[in-house]
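K.L.:
Here it is: the structure, laid out below.
2 protein chains.
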Amino acid sequence: MDSEELLAFLSAVGHAQRIRIITELAPGQLYVSELARRLGVSRPLLYMHLERLEKAGLVVGRLELSDDGKALKYFELAPFDVRLNVDTILAAVRQDASDEAGQHSPEGS
Amino acid sequence: MDSEELLAFLSAVGHAQRIRIITELAPGQLYVSELARRLGVSRPLLYMHLERLEKAGLVVGRLELSDDGKALKYFELAPFDVRLNVDTILAAVRQDASDEAGQHSPEGS
DNA sequence: TTCATGTGTAAGTGGAGACTGACAGGTGTA
DNA sequence: TACACCTGTCAGTCTCCACTTACACATGAA
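Chains as they are written, first to last, in the working numbering: chain A, 1091 to 1199; chain B, 1091 to 1199.
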C-alpha cells in the first residue's frame, strides 16, 4: 500500500457519516434506498459517500434483481485490517519510491 | 477511544501534507521554522497542521531555549499505534454510548 | 395510467478548511 | 541601530467537498 492508497483509505474512514455507514453495514448488506432511509440521508449524498468508500476498498456494491423484478443496488463491507503507526506510514511513503522505480507491473505487496 | 477521538485521529493523518510532516519528524524533533523550510510551507499553515496533529495526539510540541537565547518551538512524534478494521470501528462507536452513560470521569480504556 | 418503489446523474449552493501575506514581538550579533 | 534569526496570530482568499433539489428512466401493483 503506497501513500496514495493509505490517504484514500484514511480520508474515507475519517468522516462521521461514513463511519455511520460502516456501522450500518456491519450486520449485513443493504441496498441504497434502504440505507438512505435508515441514516436519514439523501440518496445522491449517500451515493457520493459509497463511491468514496468503494474506491478506498472498504465497501463493495453489486446490482441485484429482487423477486419482484426491481433492480436493487446492494452494498456490503469489504474485509479490511490496517495498522496505523509511524512505521506503517513510513512504509507507505517508501512504497511510493518503489512504485516510481517499478512503474507499471505493481509489486502486489 | 470513542468515535470522536477516532475521527480526529483519522482526519488528522488523512492529509498529504500532514503525512509529510510525520515523515519529516520521524527521525527526530525539529523546530517549526526549520520544518517549514524543509517542507517548503508557510509557517502559519504549518502551525495549523501541527495544531491539528497535536490535538489528535500524534505530535507534541514544547518551547525550548537554545544556547544562544533564542526560543525554539520543537515538535516531535508521539507514539501511537491504532488498528483499523470493522471491529475496532464498531468498538469506538459503542464507546460513545458508554461515554454518554458514564458522563464525566472517563474510562481511560 | 397513475402511484409507489427503485437506480442513476446533473447542476447548483454553502461552508469548512487549506493556504497566503502581513503584522507585532522577542533575542543575539555586526 | 540595523540585521538575521525565531515565535505567534490576524485577516483575508480560494478551493474542495458535503449537501440539496431536480431530473430521466425503469419496474410492479392498484
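Where a beta carbon is used, it is the ideal one built from N, C-alpha and C, also for glycine.
Name the chain B residues that come within less than 8 Å of A1106/A, Cβ to Cβ?
P.N.:
S1093, L1097, listed in chain order.
K.L.:
How do the region 1104-1124 of chain A and the region 1153-1166 of chain A stand: do at least 3 beta-carbon pairs fall below 8 Å, yes or no?
P.N.:
Output reads yes: the region 1153-1166 of chain A touches the region 1104-1124 of chain A.
K.L.:
Could you give the distance in angstroms between the alpha-carbon of S1199/A and the alpha-carbon of S1156/B?
P.N.:
Any reading at S1199/A needs caution, since the residue's pLDDT is 49, under 50, leaving its predicted position unreliable; the model's value is listed next. Roughly 45 Å between the two C-alpha positions.
K.L.:
With a CB to CB cut of under 6 Å and the five nearest residues on each side skipped, what residues in its chain are close to A1181/B?
P.N.:
Closer than 6 Å at Cβ, skipping near neighbours: no residue.
K.L.:
As a quick exercise: from I1111/B, A1126/B, P1169/B, pick the residue whose alpha carbon is nearest that of V1183/A.
P.N.:
Ranking I1111/B, A1126/B, P1169/B by Cα distance to V1183/A puts I1111/B first.
K.L.:
Specify the secondary structure class of D1092/B as computed by DSSP and reduced to three states.
P.N.:
Coil, per DSSP.
K.L.:
Expressed to the nearest angstrom, what Euclidean distance is found between the alpha-carbon atoms of K1145/A and I1109/A?
P.N.:
Distance between the alpha carbons of K1145/A and I1109/A: 15 Å.
K.L.:
Measure the alpha-carbon distance for A1098/B versus M1091/B and round it to whole angstroms.
P.N.:
Cα to Cα, the separation comes out at about 11 Å.
K.L.:
Can you tell me where the beta strand (DSSP E) holding D1158/B begins and where it ends?
P.N.:
First-last for D1158/B: undefined, no H or E at that position.
K.L.:
From the beta carbon of I1112/A, is the nearest beta carbon of chain B less than 8 Å away?
P.N.:
Yes - at least one Cβ of chain B is within 8 Å of the one on I1112/A.
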